[in-house]
Amino acid sequence: MNARTEPAEGETGAIARPPVVRELLLVAGLFLVYKFGRQLATGHTGEALRNAHRVWDLERTLHLPGEGAVQSVLLHSDTLVRVANTYYATVHFPATLTFLVWLYLRRPAHYVWARRVLAVLTSAALVLPFVLPLAPPRMLAATGLVDTAHVYGPSVYGPPSSDHLSNQFAAMPSLHFGWALMVAIGLIAATRSRWRWLWLLHPLVTLVVIVGTANHYWLDAIVATAMLGAALAVIHRPQRTVSTAGRAGEQLAPAADDHVLVGAGR
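In my numbering, the protein residues as written are -8 to 257.
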């Protein structure tokens, strides 16, 4: 092996997995916070629509591409737009959960790092709707966009006045995109395959879907990216394992950061 290397696929080395029951509770708590935390900021319809006009106007000032250009591509095919709606409704949670389970089983140090990053990102994202309630573009007549989920199905949202399971005025940031981007970054960091960069297709497809279905503005994804970047800057990923070159038979030793990361997660 080279002087700097990683364990083979599936090898966990000396990195201890956190207790499974505790992790199940932590991850379940993360998903519940995401699902129900935004309800605390429900309402504010007038303010959310005013902010939507401001965001839409700001995007035009910044010369960002129109969301309508993406939606027009989807609307060329009923099948394509239904696939996009289904992707929005069904991929978000299962993909993130599968990502965390795989890391827990195969890359425990990376799992603790990724779980912490997602927790920080989600917690920060839940604060923003209190400061900036924002209606999605599908609710803003000025955009000229179609609510594709309502027209073509399937839809995960009911009328805002009677939908008590989600806060539809919390468009910014897009955790759909933020979580998808973290899944890609986490898998790229935790694997060595030459094909690992293809994981970036997940956030790319997610971006096309959330914009094309009129559930988010470009700025929602940009803000989510900035917040994820801040979380990644604070919570450092595990270092690759190191071995001493020239000593035959010497065991690979986990980097110091791995011990700190796992130990701190207990």
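Cβ atoms here follow ideal geometry from the backbone N, Cα and C, with glycine treated the same way.
Every value quoted in this text rests on a predicted model; they were computed, and no experiment measured them.
| Top-ranked residue by Cα proximity to P229, from A181, T139, A19 and L210 | A181 is the residue among A181, T139, A19 and L210 whose C-alpha sits nearest the C-alpha of P229.
| query | Does the distance from the C-beta atom of V72 to that of Y143 stay below 8 Å? | reply | Cβ distance < 8 Å, so V72 and Y143 count as in contact.
| message | One question on the structure: do Y95 and R8 come within less than 8 Å of each other, judged by their Cβ atoms? | response | Yes, the Cβ-Cβ distance between Y95 and R8 is below 8 Å.
| message | Is the beta carbon of A133 closer than 8 Å to that of T204? | response | A133 sits away from T204, with the two beta carbons spaced by 8 Å or more.
| In or out: F121 buried (at least 16 other Cβ within 10 Å) or exposed? | Classification for F121: exposed.
| For A161, which of helix, strand or coil comes out of DSSP? | In the three-state reduction of the DSSP assignment, A161 falls in the strand class.
| message | Tell me the rounded alpha-carbon separation between F22 and A217. | response | When rounded, the distance between both Cα atoms is 21 Å.
| query | Going by beta carbon distance, what residues of the same chain come within less than 6 Å of A162, once the five residues before and after it are set aside? | reply | Answer for A162: L125, P127, H207 and D211, listed in chain order.
| request: Out of L223, G135 and L91, point me to the one whose CA is closest to L178's CA. | output: Distance from the Cα of L178 is smallest, within the candidate group L223, G135 and L91, for L91.
| query | Where does L191 fall in DSSP's three states? | reply | If DSSP states are grouped into helix, strand and coil, L191 belongs with the helices.
| Inter-residue Cα distance where the pair is E2 and A39 | Model confidence at E2 stands at a pLDDT of 43, short of 50, so the residue's coordinates are unreliable and nothing is read from them.
| message | Is V147 close to chain C? Criterion is C-beta to C-beta, closer than 8 Å. | response | Absent from the structure is chain C; it holds one protein chain and no more.
| field | Residue nearest to E14 in terms of C-alpha spacing, selected from A110, H44 and L166 | value | Among A110, H44 and L166, the Cα nearest to that of E14 belongs to A110.
| said: For the segment 187 to 203 against the segment 77 to 86, do three or more pairs of beta-carbon atoms, one drawn from each stretch, fall closer than 8 Å, so that the two count as touching? | reply: The answer is yes - the segment 77 to 86 touches the segment 187 to 203, with three or more Cβ pairs under 8 Å.
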